[in-house]
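See structure below.
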Amino acid sequence: MNTITTRTPGFREAAAFEWTKFSSLRSTRWTTAAVGLLTVAGAVFVGLSGSLQPDDTVLGGSLTLAVVALMIAGVAGALAVCGEYSSGTIGSTLAAVPRRGRVLTAKAALLAGVLFPLALVSCTVAYVLGDAILEDGAYAQGEPFPALLGIAALFAVVAVLGLAIGTLLRHSAGAVTAVIAVMLLPSLFGPLFGNLQRWIAGATPTAALEKLTQTSDASAEAVGSLGAWPSLALVTGYTLLLLLLAARSLHRRDV
C-alpha cells in the first residue's frame, strides 16, 4: 500500500509564489515603479525650477517628492494583499501554503526586499542629480550617508506597514485610504492637540523621512523632538506590532 505525503511548502517556495504574483500584477508593478520615478523626477524639477528654499539642504531639496513616493510605497504594500482579496485568489494562496504566518512573512520579506534597493538607488540618483543641477555652493549639502540607508529602510518599513493595514482591512479602497491617513492626518490635526503636537506628528513615517532628509521643514514643533534614527525605530516598532496583529487576524479568519 502506497502512502502519499504532502509536504508543506517552505519559506523559499512561499517567497517564490509571492514574487510570481507580485511581478504579474499591473497594480503592484506600476505603483512600485512610481516610487523610483517620482523621487528622481522631484530632484530634476526642484533643480530646474529654482524652488528650493535658501535654508534647505541639497539632500532635502533633491528628495522633495520622496514624501509622495513614500505614500505610494505604502499603497503598494496594501495592494500586494488586497489585490488577492479582490480577485479571490487569496483562497488559492492559503491552500497552497497552509501556514498563514509564513504567507504573510513571505509577503513582508518580498516587499522589503524590493523597496529597500529600489529606494536606495532612486534616492541616491535623485541626490546626485540635484547636486549636479543646483547652483554649486548655494545650499548646504546635508549628510547623505548614512541617511540614504535610513531613507531606503523607511520605504521598506512603510511598504510592510501598508501590507499589515491591507491584511487587516482586506479592501483596496479602505486600505489605501488608511495608509494615506496614517501618513498625513497626524501632521494635519497635530495642532489641535496643543503641546502633544510634536509627539503625534513626530510618530509618522513622513516625520521620520523629513528628519532623515534633513529638510528645513523638519522643525521640532512640526515633526517632534526625536532624532531621525529614533523616529525610524519608532515607525519600525509599531509597524511590526501591526504586522503581528495582521497575522493573528489572518489566522482567526476563514480566509
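Each residue of the sequence shown is one higher than the one before, starting from 0 at the first, in numbering that gives the first Met the number 0.
Every residue, glycine too, gets a C-beta built ideally from N, C-alpha and C.
Check	Outcome
Residues near residue 17 by beta carbon distance below 7 Å, same chain, minus five either side	105, 106, 109
Segment contact flag, the stretch 80-97 with the stretch 114-125, C-beta cutoff 8 Å, min 3 pairs	no
Contact check, residue 225 vs residue 201, beta carbons under 7 Å	yes
Beta strand (DSSP E) runs wholly inside the stretch 39-82, at least 3 long, in chain order	none
Integer Cβ distance of residue 166 from residue 114, believed to fall under 8 Å	About 17 Å separates the two Cβ atoms, so there is no contact after all.
Residue nearest to residue 138 in terms of C-alpha spacing, selected from 9, 38, 50	50
Outcome for residue 41 when other beta-carbon atoms lying within 10 angstroms are tallied against a minimum of 16	buried
For residue 163, the three-state DSSP class (helix, strand or coil)	helix
Start-to-end residues for the alpha helix (DSSP H) that takes in residue 129	99-132
Contact the stretch 148-162 vs the stretch 227-235: 3+ CB pairs below 8 Å	yes
Nearest to residue 34 (by Cα), restricted to the options 75, 11, 211	75
C-alpha gap between residue 70 and residue 182, whole angstroms	7 Å
Residues of its chain near residue 130, where Cβ-Cβ distance is below 8 Å and the 5 sequence neighbours each way are ignored	57, 61, 140
Where residue 143 falls, given that 16 or more other Cβ within 10 Å makes a residue buried	buried
Minimum Cβ-Cβ distance from residue 22 to chain C less than 7 Å	Among the chains in the structure shown there is no chain C, since it carries only a single protein chain.
Nearest-angstrom Cα separation, counted from residue 220 out to residue 203	14 Å
Terminal residues of the alpha helix (DSSP H) in which residue 242 lies	227-251
DSSP-derived helix/strand/coil call for residue 137	coil
Backbone CA spacing between residue 39 and residue 211 [nearest angstrom]	17 Å
Inter-residue Cα distance where the pair is residue 80 and residue 116	21 Å
Three-state secondary structure (DSSP) of residue 224	coil
Neighbourhood of residue 85 by C-beta, 7 Å cutoff - its chain only, sequence neighbours within 5 removed	171
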